[in-house]
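Asker:
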Amino acid sequence: MAPGPALACRALSCQAGGRTIVEDLTLEFEPGERVALMGPSGSGKTTLLTTLAGLLPPAAGRVLVGGVPLDEQPELRAGLALVFQSYGLLSLLTAAENVEVALRAAGRPPREAMRLAAEALDRLRVARFADHLVEELSGGQQQRVAVARALALRPRVLLADEPTAEQDATHRALVLDELLAIAARGTTLVLATHDPEVAERCDRVVELRALAASRRARRSR
Ligand SMILES: Nc1ncnc2c1ncn2[C@@H]1O[C@H](COP(=O)(O)OP(=O)(O)OP(=O)(O)O)[C@@H](O)[C@H]1O
């Protein structure tokens, strides 16, 4: 395995819609570390996670996976999974197919993909919806399918955007337990959240400030 933190960004700037959202950000995430990414609405958590996942190219700076720049080895993206805030499921596929498709794309043979998908859906208590089209599921159920899909991939780094936001108290605890458990197997976990209880269960909090506030802080250093 390449040396260095599991995931890092150096002097990273991100733009969305032609506007700079995140500027000159340097962070490191160790293997197995559980990090809560917090900050006010609009501070750029989603934009940052999408960039760290390699789905949005940085406006400046770099993302490194195991010390290797992602732009030099784009195949390293295969070790990164993102749970999207709006789930990112294929609505005309069933819950099981959504998880299986991701596993197949990651190179798992069909039978193994079916087994791993069934296991993950069971753990997230959506097994009874395995054969339902995603569009038939509630928001909370869809979110658990999206979490199941990311967990089934056993990624090196799992990035999740407010993964408990749609859950009731029971399912919030379940989702959080399942996410935190994967870190014990070495996966780095970065959870964007507004929930102080989620943050409390992580090893560390990274606070993202709105751009104007972060510029003021840099000037006063
Ligand atoms: N595609 C886009 N086009 C234009 N502006 C965008 C786009 N994506 C994000 N933004 C803007 O970037 C800023 C940061 O958005 P982002 O969703 O990353 O924040 P966030 O911290 O995740 O917010 P929340 O906590 O509400 O989910 C916001 O001002 C938003 O309007």
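Here the sequence shown is numbered in full-length UniProt numbering, starting from 1 and rising by one per residue. In this text, a Cβ means the ideal position worked out from N, Cα and C, and glycines have one as well. Source: prediction; values computed, not measured.
1. Give the straight-line distance between the Cα atoms of Ala183 and Glu200, rounded to the nearest whole angstrom.
2. Ignore the nearest five residues each way along the sequence and tell me which others in Gln85's own chain have a CB closer than 7 Å to its CB.
3. Pull up the distance between the alpha-carbon of Asp177 and that of Cys202, whole angstroms please.
4. Is Leu12 near Val63, with beta carbons less than 8 Å apart?
5. Please report how far the alpha carbon of Met114 lies from the alpha carbon of Leu158, in whole angstroms.
6. Under the DSSP definition of a beta bridge, which residues are partnered with Met114?
7. Per DSSP, which one or two residues make a beta bridge with Glu28?
8. Comparing C-alpha positions only, which one of Asp168, Thr164 and His194 sits nearest to Leu180?
9. Which residues end up in the neighbourhood of ligand 1 when you take C-beta atoms closer than 5 Å to any of its heavy atoms?
10. In the DSSP assignment, what are the bridge partners of Cys202?
11. Does the distance from the C-beta atom of Ala16 to that of Val83 stay below 8 Å?
12. If we ignore side chains and look at the alpha-carbon of each, how far apart do Gly42 and Gly54 end up?
13. Pick from Pro74, Gly67 and Pro40: whose alpha carbon is nearest that of Leu56?
14. Which first and last residues belong to the beta strand (DSSP E) in which Thr51 is found?
15. Which residue spans inside the segment 125-208 form an unbroken beta strand (DSSP E) run of at least 3?
16. Would Leu52 and Cys9 qualify as a contact pair, given that the criterion is a beta-carbon distance under 8 Å?
17. For the structure I just gave you, are there three or more beta carbon pairs, one from the segment 23-38 and one from the segment 206-214, closer than 8 Å?
18. Looking at the strands, I want to know which residues DSSP matches up with Val22.
19. Going by C-alpha to C-alpha distance, which of Gly88, Val190, Leu90 and His194 sits closest to Pro31?
Answerer: Answer, in terms of the structure:
1. Translated into the one-based positions of the sequence shown, residue 183 becomes position 183. Translated into the one-based positions of the sequence shown, residue 200 becomes position 200. Annotation: Ala183 to Glu200 spans about 15 Å, alpha carbon to alpha carbon.
2. Here residue 85 is taken as the residue at index 85 of the sequence shown, counted from 1. Excluding sequence neighbours, Gln85 sits near Thr46, Asp161 and Glu162.
3. The residue labelled residue 177 in the question sits at position 177 within the sequence shown. The residue labelled residue 202 in the question sits at position 202 within the sequence shown. A direct Cα-to-Cα measurement between Asp177 and Cys202 gives close to 11 Å.
4. Locating residue 12 in the sequence shown gives position 12, counting from the first residue. Locating residue 63 in the sequence shown gives position 63, counting from the first residue. Cβ distance < 8 Å, so Leu12 and Val63 count as in contact.
5. Within the sequence shown, numbered from 1, the residue matching residue 114 stands at position 114. Within the sequence shown, numbered from 1, the residue matching residue 158 stands at position 158. If you take the alpha carbons of Met114 and Leu158, they lie about 21 Å apart.
6. Taking the first residue of the sequence shown as 1, we reach residue 114 at position 114. By DSSP's assignment, Met114 forms no beta bridge with any residue.
7. For the purposes of this step, residue 28 is identified with residue 28 of the sequence shown, where counting begins at 1. Ala8.
8. For this step, residue 180 is matched to residue 180 along the sequence shown. Restricting attention to Asp168, Thr164 and His194, the CA atom closest to the CA of Leu180 is found in Thr164.
9. Those residues whose C-beta sits under 5 Å from the nearest heavy atom of ligand 1 are, from N- to C-terminal order along the chain, Ala16, Gly17, Ile21, Ser41, Gly42, Ser43, Gly44, Lys45, Thr46 and Thr47.
10. For the purposes of this step, residue 202 is identified with residue 202 of the sequence shown, where counting begins at 1. Answer is none; Cys202 lacks a bridge partner.
11. As a first step, residue 16 must be located in the sequence shown, where it is residue number 16. As a first step, residue 83 must be located in the sequence shown, where it is residue number 83. No, the Cβ-Cβ distance between Ala16 and Val83 is not below 8 Å.
12. Here residue 42 is taken as the residue at index 42 of the sequence shown, counted from 1. Here residue 54 is taken as the residue at index 54 of the sequence shown, counted from 1. For the pair Gly42 and Gly54, the Cα-to-Cα distance works out to about 20 Å.
13. Against the sequence shown, residue 56 aligns to sequence position 56. Ranking Pro74, Gly67 and Pro40 by CA distance to the CA of Leu56 puts Pro74 first.
14. The count along the sequence shown starts at 1 and reaches residue 51 at position 51. In the DSSP annotation of this structure, Thr51 is not part of any beta strand (DSSP E); the continuous alpha helix (DSSP H) holding it starts and ends at Lys45 to Leu52.
15. Segments of the beta strand (DSSP E) lying fully in the segment 125-208: 157-161, 188-192 and 204-207.
16. Taking the sequence shown and counting its residues from 1, one reaches residue 52 at position 52. Taking the sequence shown and counting its residues from 1, one reaches residue 9 at position 9. The answer is yes: Cβ separation under 8 Å.
17. The segment 23-38 vs the segment 206-214: in contact.
18. In the sequence shown, counting from the first residue as 1, residue 22 sits at position 22. Per DSSP, Cys14.
19. To locate residue 31, count along the sequence shown from 1; it is residue 31. Taking each of Gly88, Val190, Leu90 and His194 in turn and checking the Cα distance to Pro31, the smallest one comes out for Val190.
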